Amino acid sequence: MFRKLNILMVNDIIFPDVKGGSGRVVRELSKSLIRKGHNISVLVRRASEILPLREKEEIEICRYSVNYRNNLTFFISSLKNVYVTFNHISKGRKFDLIIFHHPLPALGISLIRRIRKIPKIYIFHSSWPEEFEVKSKKRGVGFFLRRWIERKILKDCSKIVVLSNYSKQKLLDLYGSLRLKVEIIPGGVDIERFKPSDNKNDVRIKLGIPIDKFTLLTIRNLTVRMGLENLIKAMVKVTERYKDILLIIGGRGILESKLKTLTKELGLERYIKFVGLIDEKVLPLYYQAADVFILPSKCLEGFGLVTLEALATGVPVLGTPVGGTIEILRRLDEKFLFKGIDVDSIANLIIESISDADIREGKLREKCRKFVVENYSWERSASELEKVLFSVLNVK
């Protein structure tokens, strides 16, 4: 017998307020669970003052404000305001379950005594203290505080959902005692939005991309862990062999200026095009225009939703053997995995792909598309999550 659930999703971001994998997972799972008949509310940080504190279109979204002056004011205001906002939105309503996606807002809500009896689930996208360590290049007090908070929240949850075996192992390396709580539910992709084009040349003309170039695409936050410096350096060797080549880099981030300078220093300006933050309306078109998608991550690639978006569009993905990328591409075809994360490994496989007639002629489109449709739809992910929710509530 079906039971309609009132569920609260809690994260620091939601797509498209902020571009990011966890925010997209929150939105897509919420939409899919709503289609299944459940009531979903989402509580997230207000990423910009132009965003409303509350909205309800396809999903009810409630936002709490934060003070961005420094790390201390960010912490304190996050805890205080998520606490206040939750109390406000929960008046006169009862949530059957709370699904956490980030430790900090989860801590703010956990301070409320009356929610302790509400079952809680955590969807673990990555380790908050480890991400802090990679960005700051040190541990210090901030690392240990984040680890304490993350451990506390995870221990308080009935189940922990991860998107890949890699994320599961990463979680257990940090918090091994939580093994029995962990469930693997892969992420998904909107297979209606991301699909092949009938005419690649028309798409390229629309985007201003040359129709006679073998086009590589990568879409990333321009940060250290994404490995974009290695990809740009690899293009030196690639362009020595092939001249009809173009690498499109989409995204913004702290390394943008450095990456553009590196491109100029290596004399690659005619081969590499930076297109900035890609508008969501044209994002599927960029995938459709590409011959190959490149994922050059160095570390902490928990799942990689862009991999599925590219494959759903019929575009082969070449990825470094890092994190969840291994699990996706090995199931499809191991030849799409770079041997390593170094410059030569990246360059060599790109050169092989350019000379591969099946890739050049688009003969792998159907294989890539079919693989995603059969294994990675959001509806499938939501159905698996629904089973976990019902098991926590002992719903038969």
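Under our numbering, the first residue of the sequence shown is numbered 13, with each subsequent residue one higher. Glycine included, C-beta positions come from ideal geometry on N, C-alpha and C. No experiment lies behind these values; they were computed from the predicted model shown.
Open item on the list: With H, G and I counted as helix, E and B as strand and the rest as coil, what does DSSP make of residue 325?
Closed with: coil
Task: In DSSP terms, what residue 227 is bridged to - done: 258
Task: Contact check, residue 306 vs residue 230, beta carbons under 9 Å - done: yes
TODO: Could you please give the first and the last residue of the uninterrupted alpha helix (DSSP H) stretch that includes residue 380?
DONE: 377-387
Open item on the list: What does the Cβ neighbour count give for residue 251, buried or exposed, with the cut at 16 atoms within 10 Å?
Closed with: buried
Task: Cβ separation of residue 228 and residue 258, assumed to be a contact under 8 Å, to the nearest whole Å - done: 7 Å
Open item on the list: Measuring alpha carbon to alpha carbon, tell me which residue in 91, 40 and 83 is nearest residue 57.
Closed with: 91
Open item on the list: Quick check on residue 352: buried or exposed, where buried means 16 or more other Cβ atoms within 10 Å of its Cβ?
Closed with: exposed
TODO: Output yes or no for whether 9 Å exceeds the beta carbon distance between residue 280 and residue 241.
DONE: no
TODO: Could you give the DSSP three-state label for residue 98: helix, strand or coil?
DONE: helix
- [ ] Specify, as a first and last residue, the run of the alpha helix (DSSP H) that residue 158 falls within.
- [x] 152-168
TODO: Take residue 401 as the anchor and find which of 27, 288, 28 and 41 has the nearest alpha-carbon.
DONE: 41
Open item on the list: Do residue 111 and residue 20 have their beta-carbon atoms positioned less than 9 Å apart in this structure?
Closed with: yes
TODO: Would you decide whether residue 318 is buried or exposed? Buried here means 16 or more other CB atoms lie within 10 Å of its CB.
DONE: buried
Task: Inter-residue Cα distance where the pair is residue 344 and residue 375 - done: 15 Å
Task: Pairwise C-alpha distance: residue 334 and residue 177 - done: 12 Å
TODO: Compute the distance between the beta-carbons of residue 249 and residue 371, then report whether it is under 9 Å.
DONE: no
Task: Residues of its chain near residue 223, where Cβ-Cβ distance is below 6 Å and the 5 sequence neighbours each way are ignored - done: 213 and 216
Open item on the list: Tell me which residue opens and which closes the alpha helix (DSSP H) that residue 146 is part of.
Closed with: 140-148
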